[in-house]
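Colleague: Protein chains in written order, with the numbering used here: chain A, 1 to 230; chain B, 1 to 461.
Using N, Cα and C, we set each Cβ at its ideal position, and we do this for glycine too.
This one's a predicted model, so the numbers in the text were calculated from it and none came from an experiment.
Handing you a structure now.
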Amino acid sequence: MFESKSGVLLIGGLGFFLLAFVSNALVPIRMYQNMPEQTVQQLVNENLLYQFEDLHKRYPESFEAAYGKPPADEAAQPEWYRAKCADALILGRKSYVAEGCWHCHSQFVRPVSREAERWGEVSKSWEYQNELQRPVMFGTRRVGPDLTREGGRRSNDWHTVHFFRPTMVSEGSPMPEYPWFFDGDPNRPNARGLGLITYVQWLGSWLESYPYYEQFQPMATVNTGDDDEQ
Amino acid sequence: MSDAATYVGEPFDDKLVDRKLVLWYFLAAVTFFAVSLLGGLLMALQLVRWNPLQGIELLSPGRWRMIHTNAIAYGWLANAFLGSLHWAIPRLTLRPVANKALSWFIFGAWQFVVLATAVGILLGEAQGLEWGETPVWIDPLALVGLFLVAVNFMAPIAQARGPLYVTLWYFMAAFVWTFLTYAMGNLLPEYWVSGTSGGAIAGLFIHDLVGLFVTPLGWGLMYYFVPILLKKPIWSHGLSLVGFWGLAFFYPLNGIHHFLYTPIPMFLQYGAVIATVAVELVVTTVVINFFGTIWGSGRAVVTNLPIRWFYTGMVFYFITCLQCAMQVTLTFQALIHFTDWVVGHAHLVMFGVFSFWLIGIMTYLIPRLVGCDWYSRELCEWHYWLSAGGLLVMFVDLGLAGMFQGYFWASLLPWDVSVDGSQPFWIVRLFAGLAIIGGQLCFFYNLYRTLTASRGATAHV
């Protein structure tokens with residue numbers, strides 16, 4: 001059996017592969033089957049809309065070039081922003097994948113190495129049950145910091161300048177420049193640029209302790225660890 | 001000089017092996033290897049902030065990083081493996097492949113797959129799956145290609161009579177595994193499973209690509225070429241059995257170890273850790289078997305270049321696996337995950353082990369394919385020493401860098417401190433990479449001169 005063709009093909013090739021697939025893939029799929037996958041539209045939340053509308057205020061021409069004008073009827077505007085925001089997220093994620101951002105930035109906070117102190121709450125499964133995590137953007141390398149709690153940490157204009165030329169706001173940054181997300185100037189992000197910023201602002205926006213509004217403190221003053229806080 | 005890199009002019013049966021096809025596969029492999037080196041160089045320059053080509057969309061370092069890995073996996077390793085298989089399988093089974101026209105068709109189709117992958121990634125069409133960034137519309141084509149490869153090679157294996165040699169166990173299993181792995185990884189997390197469980201599958205994919213495509217083909221070829229070059233049988237048949245079945249059972253269970261401390265259920269993470277340690281034990285038996293084989297003929301490592309490439313690769317393999325067994329533990333992961341330690345590890349496996357083996361095979365086969373000696377034995381030596389030296393420096397350097405990065409992060413110092421602290425290591429890595437590239441330039445030039453010389457030689461006949 002161990003040296004026969006059928007043994008090698010059926011037991012080694014097929015059997016053991018399926019065993020691993022069942023135990024390592026089907027088991028978690030079954031475990032999470034009651035956690036429905038959210039659509040992109042469902043992912044648009046108030047925190048994110050705040051940032052998205054802020055993009056409109058800051059870069060009205062670029063914004064309207066990319067998404068058109070909001071309807072004149074004020075009652076219809078929230079719906080309109082939601083729909084455009086969902087489009088922006090999809091395009092933003094596409095750029096995030098296309099540029100290999102995920103090979104320099106991870107998207108999960110681990111329960112070790114004091115990561116929760118640096119970035120906030122440890123990541124949970126439900127945070128990933130959505131269309132924008134198909135395939136999941138966990139990442140395996142951090143040249144830059146984890147981004148899963150990035151939303152709201154920085155303002156939109158910081159991001160535009162940073163994507164245009166990272167060294168302008170972060171001295172000596174090895175992050176590549178992305179001038180093709182702009183029409184020649186950091187104040188004129190194009191559709192892809194607006195999408196990418198929306199995507200980055202989305203990361204973590206689903207949490208209640210969204211840093212921009214509540215307890216955000218600059219990095220260096222975050223408590224450094226061991227002392228108990230009761 | 002008893003040197004297997006020297007062509008001895010043995011008679012050749014062209015009905016069995018299509019030498020032209022093997023050569024073409026090798027040339028395609030080498031071409032993509034060169035492309036991959038450029039991608040790596042660009043990223044290395046980017047990290048030390050010396051990238052002279054900033055801000056050009058088609059030279060986006062992130063895109064070239066993906067080309068770097070994909071060109072290695074699908075352009076270099078896959079092509080070199082296919083070429084080697086077209087040599088080894090017909091000679092081992094004494095039967096030609098199913099269909100020669102089909103072989104050439106597969107050759108063309110595969111080059112199309114790799115080129116389309118590269119172009120797709122360059123144009124921003126990458127798929128968000130590590131080692132599987134192939135744009136989604138190429139995946140079905142690649143699967144058809146893999147299926148045809150399996151059919152083409154299984155025909156002679158199926159007809160072979162008598163006990164099956166170890167090499168063929170590995171090859172047969174690899175044909176099944178590669179197809180299944182590719183389908184699982186590229187299709188499920190994209191279309192069917194999202195989030196955490198999709199992550200579990202992506203982990204299986206990353207790992208199986210190394211463990212169930214590259215590893216079995218690599219070891220299968222070693223079991224074939226080493227006894228031929230050393231002119232003696234493999235040391236222990238029993239150990240070969242342990243190695244094969246141990247790999248088949250434990251390797252597929254490892255994948256989740258790429259995503260430890262994610263929200264993937266913890267008991268699955270523990271399972272992957274244990275299975276990984278088990279793989280290292282299995283691997284040790286295989287390495288022992290090969291060192292048992294060379295025992296008593298150790299000088300071959302000095303005189304016989306292919307053997308030197310093979311055994312250097314095996315030593316690196318052992319180091320890699322020892323490293324695996326340590327770094328897979330949760331304690332170690334807390335420190336080194338996400339760091340350059342892992343990058344060093346990956347280079348040791350993909351370059352130091354499998355590429356070394358394939359280069360060894362090419363060093364041995366190319367004179368036999370073109371019917372004349374290597375243009376320069378000295379360049380062959382330079383190729384070896386620059387590759388091995390450069391890689392060793394890179395590996396140690398990135399390992400250290402990884403530990404520094406891990407401690408920087410855990411210290412909660414601002415992120416930039418870790419980036420600045422990595423600079424010295426990244427600069428050393430750049431030069432180590434340049435040494436490796438220098439080695440490959442020797443190889444490319446040597447190959448070019450050998451090819452032109454052979455063409456001259458045959459023209460005179």
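Quick check on B:P252: does DSSP put it in helix, strand or coil?
Modeller: Stepping through the second sequence from its first residue, residue 252 of chain B is reached at position 252. DSSP, read as helix, strand or coil, puts B:P252 in helix.
Colleague: Can you tell me which of the three DSSP states A:P189 falls into?
Modeller: For the purposes of this step, residue 189 of chain A is identified with residue 189 of the first sequence, where counting begins at 1. A:P189 carries a strand assignment under DSSP once its states are collapsed to helix, strand and coil.
Colleague: On the DSSP bridge list, what partners appear for A:F182?
Modeller: Position 182 of the first sequence, counted from the first residue, corresponds to residue 182 of chain A. For A:F182, the beta-bridge partners assigned by DSSP are A:P189.
Colleague: I'd like the span of the alpha helix (DSSP H) that includes B:A126, first residue to last.
Modeller: To locate residue 126 of chain B, count along the second sequence from 1; it is residue 126. From DSSP, B:A126 is part of no alpha helix (DSSP H); its letter is neither H nor E.
Colleague: Specify whether the segment 373–385 of chain B and the segment 440–457 of chain B touch according to this definition: at least 3 beta carbon pairs, one from each stretch, less than 8 Å apart.
Modeller: yes
Colleague: Take B:R65 and list the residues in its own chain whose beta-carbon comes closer than 7 Å to its own, dropping the five residues that flank it on each side.
Modeller: On the second sequence, position 65 is the one that residue 65 of chain B refers to. Same-chain partners within the cutoff: G39 and M43.
Colleague: So, with DSSP's three-state summary, where would you put A:T221?
Modeller: Taking the first sequence and counting its residues from 1, one reaches residue 221 of chain A at position 221. Confidence at A:T221 is low in this model, with a pLDDT of 46, below 50, so its placement is unreliable and the value that follows should be read with caution. Assigned with DSSP and collapsed to three states, A:T221 falls in helix.
Colleague: A:E131 and A:T39 look like a contact to me (Cβ under 8 Å); what is the Cβ gap, rounded to whole Å?
Modeller: Start at 1 with the first residue of the first sequence, and residue 131 of chain A comes out as number 131. Start at 1 with the first residue of the first sequence, and residue 39 of chain A comes out as number 39. Their Cβ separation, rounded to whole angstroms, is 6 Å, which keeps A:E131 and A:T39 in contact under 8 Å.
Colleague: Just to confirm before moving on: does the CB-CB distance between B:G399 and B:G344 stay below 8 Å?
Modeller: Numbered from 1 along the second sequence, position 399 holds the residue referred to as residue 399 of chain B. Numbered from 1 along the second sequence, position 344 holds the residue referred to as residue 344 of chain B. Yes, the pair counts as a contact, with Cβ atoms nearer than the cut-off.
Colleague: State buried or exposed for A:A66, treating a residue as buried only when at least 16 other CB atoms are found within 10 Å of its CB.
Modeller: Residue mapping note: residue 66 of chain A aligns to position 66 of the first sequence, counting from 1. The residue in question, A:A66, is buried, as its Cβ has 16 or more Cβ neighbours within 10 Å.
Colleague: Let me know the secondary structure DSSP gives B:N289 once reduced to three states.
Modeller: The residue you call residue 289 of chain B lines up with position 289 of the second sequence. Helix.
Colleague: By Cβ distance, which residues of its chain are closer than 8 Å to B:F105, with the 5 residues on each side in sequence left out?
Modeller: Taking the second sequence and counting its residues from 1, one reaches residue 105 of chain B at position 105. Hits under 8 Å: L148.
Colleague: Using a Cβ-Cβ distance under 8 Å, would B:Q470 count as near chain A?
Modeller: Because chain B here runs from 1 to 461, residue 470 of chain B falls outside it and cannot be looked at.
Colleague: How big is the Cα-Cα spacing for A:F52 and A:R58?
Modeller: Mapped onto the first sequence, residue 52 of chain A falls at position 52. Mapped onto the first sequence, residue 58 of chain A falls at position 58. Taking the straight line from one Cα to the other gives about 10 Å.
Colleague: What's the C-alpha gap between B:R95 and B:A80?
Modeller: Here the question's residue 95 of chain B lines up with position 95 in the second sequence. Here the question's residue 80 of chain B lines up with position 80 in the second sequence. Approximately 21 Å, taken between the alpha carbons.
Colleague: Does the beta-carbon distance from B:A435 to A:G13 come in below 8 Å?
Modeller: If you number the second sequence from 1, residue 435 of chain B lands on position 435. If you number the first sequence from 1, residue 13 of chain A lands on position 13. No, they are not a contact pair.
Colleague: Assign A:R141 to one of three DSSP states: helix, strand, or coil.
Modeller: As a first step, residue 141 of chain A is located in the first sequence; it is residue number 141 there, counting from the start. Three-state result, A:R141: strand.
Colleague: Give the straight-line distance between the Cα atoms of A:S155 and B:L260, rounded to the nearest whole angstrom.
Modeller: Taking the first residue of the first sequence as position 1, residue 155 of chain A is located at position 155. Taking the first residue of the second sequence as position 1, residue 260 of chain B is located at position 260. CA-to-CA, the gap between A:S155 and B:L260 works out to about 32 Å.
Colleague: What are the start and end residues of the alpha helix (DSSP H) that includes A:W102?
Modeller: By 1-based counting over the first sequence, the position of residue 102 of chain A is 102. First-last for A:W102: undefined, no H or E at that position.
Colleague: Examine the Cβ distances between the segment 149–157 of chain B and the segment 173–191 of chain B and report whether three or more of them are shorter than 8 Å.
Modeller: yes
Colleague: Going by Cα to Cα distance, which pick from B:F290, B:L53 and B:L164 is closest to A:S6?
Modeller: Stepping through the first sequence from its first residue, residue 6 of chain A is reached at position 6. Of B:F290, B:L53 and B:L164, the residue nearest in Cα terms is B:L164.
Colleague: Could you work out which residue in B:I427, B:T215, B:F249 and B:F431 is closest to B:G313 when comparing CA atoms only?
Modeller: Counting from one through the second sequence, the residue named residue 313 of chain B turns up at place 313. Answer by Cα proximity: B:T215.
Colleague: Chain A partners of B:L241, CB-CB under 9 Å?
Modeller: If you number the second sequence from 1, residue 241 of chain B lands on position 241. Residues of chain A passing the Cβ test: F2 and E3.
Colleague: Can you pull the chain A residues whose beta carbon is under 8 Å from the beta carbon of B:P163, in chain order?
Modeller: Working through the second sequence from its first residue, we reach residue 163 of chain B at position 163. Annotation: Cβ neighbours of B:P163 in chain A (cutoff 8 Å, chain order): E3.
Colleague: Mind checking who A:Q231 pairs with in its DSSP beta bridge?
Modeller: Look at the range of chain A in this structure, 1 to 230, and you will see that residue 231 of chain A is not part of it.
Colleague: Of the residues B:D18, B:A118 and B:L59, which one's Cα is nearest the Cα of B:T31?
Modeller: As a first step, residue 31 of chain B is located in the second sequence; it is residue number 31 there, counting from the start. That would be B:A118, whose Cα lies nearest to the Cα of B:T31.
Colleague: With B:D397 as the anchor, note down where its alpha helix (DSSP H) starts and where it stops.
Modeller: Residue numbering aside, residue 397 of chain B sits at position 397 when the second sequence is read from its first letter. Residues R377 to A410.
Colleague: For B:A44 and chain A, any beta-carbon pair shorter than 8 Å?
Modeller: Against the second sequence, residue 44 of chain B aligns to sequence position 44. Taking CB atoms only, B:A44 has no neighbour in chain A less than 8 Å away.
Colleague: Please decide whether B:I336 counts as near chain A, where near means a Cβ-Cβ distance under 8 Å.
Modeller: By 1-based counting over the second sequence, the position of residue 336 of chain B is 336. B:I336 does not count as touching chain A.
Colleague: Let me see if you follow: with CB-CB separation under 8 Å, is B:V419 close to chain A or not?
Modeller: Position 419 of the second sequence, counted from the first residue, corresponds to residue 419 of chain B. Yes, because at least one Cβ of chain A sits closer than 8 Å to the Cβ of B:V419.
Colleague: Using a Cβ-Cβ cut-off of 6 Å (strictly less than) and excluding sequence neighbours within five positions of A:R188, which residues of its own chain qualify?
Modeller: For the purposes of this step, residue 188 of chain A is taken as residue 188 along the first sequence, with counting starting at 1. So the list reads S62 and F182, once near-sequence residues are dropped.
Colleague: Here's the rule I'm using: 16 or more other beta-carbon atoms within 10 Å means buried, otherwise exposed. How should B:L447 be labelled?
Modeller: On the second sequence, position 447 is the one that residue 447 of chain B refers to. The residue is buried, with at least 16 neighbouring Cβ atoms inside 10 Å.
Colleague: In the DSSP assignment, the alpha helix (DSSP H) including B:D139 goes from what residue to what residue?
Modeller: If you number the second sequence from 1, residue 139 of chain B lands on position 139. Start and end: D139 to Q159.
Colleague: When burial is assigned at 16 or more other CB atoms within 10 Å of the CB, is B:Y191 buried or exposed?
Modeller: For the purposes of this step, residue 191 of chain B is identified with residue 191 of the second sequence, where counting begins at 1. Its Cβ having fewer than 16 others within 10 Å, B:Y191 is exposed.
Colleague: Contact criterion: CB-CB distance below 8 Å. Does A:L14 meet it with respect to chain B?
Modeller: What you label residue 14 of chain A is simply residue 14 of the first sequence in a count that begins at 1. Closer than 8 Å to some Cβ of chain B, the Cβ of A:L14 qualifies, so yes.
Colleague: Report the three-state DSSP secondary structure of A:N130 (helix, strand or coil).
Modeller: Sequence index remark: in the first sequence, residue 130 of chain A carries index 130 (1-based). It is a strand residue.
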